[in-house]
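A.B. asks:
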Amino acid sequence: MALGWEGSHHTILVDNMVKGSMGPGIIMVKAGRCKIVRNDVVGNAEGIVMVQSMAEIRRNYLADNKNNGMVCEEASQPKVIENFITRNLSQGTL
């Protein structure tokens, strides 16, 4: 599920099941001031991936992803609050 690309701001993703992606469950690229709240992100290649993005990531369940639960790259500035990150095969958060 792609959330925002360049110029995308104030996108909100709430109460979803994101499961079984061969890539990231949720990816943000150059997205500003997005909110990802109370989502289950399980069984993907990666859980949540941010590239040059700002997001509030709150109360999500990130589990059983084949690599990382969450990846923040290239000057991303997330607010990561009260997430449950477990049983990912690599890092919980990178």
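In our numbering, the protein residues as written are 587 to 680. C-beta atoms are modelled at their ideal positions from N, C-alpha and C, and glycine is treated no differently.
Roughly how many whole angstroms lie between the Cα atoms of glycine 611 and aspartate 650?
C.D. replies: Taking the straight line joining both Cα atoms gives about 11 Å.
A.B. asks: Mapping DSSP to helix, strand and coil, what is histidine 595?
C.D. replies: Reduced to three states, the DSSP call for histidine 595 is strand.
A.B. asks: Keeping to the same chain, check which residues put their C-beta closer than 7 Å to that of serine 607; ignore five residues upstream and five downstream.
C.D. replies: For serine 607, where only same-chain residues beyond five positions count, the Cβ hits under 7 Å are Asn630, Ala631.
A.B. asks: Compute the Euclidean distance between the alpha carbons of asparagine 654 and cysteine 620, then round it to the nearest angstrom.
C.D. replies: Roughly 20 Å between the two C-alpha positions.
A.B. asks: Which residues does DSSP pair with glutamate 659 in a beta bridge?
C.D. replies: Paired residue(s): Val637.
A.B. asks: Which residues does DSSP list as the beta-bridge partners of aspartate 601?
C.D. replies: In the DSSP output, where bridge partners are listed per residue, aspartate 601 has none listed.
A.B. asks: According to DSSP, simplified to helix, strand and coil, what is arginine 624?
C.D. replies: Note: arginine 624 maps to coil in three-state DSSP.
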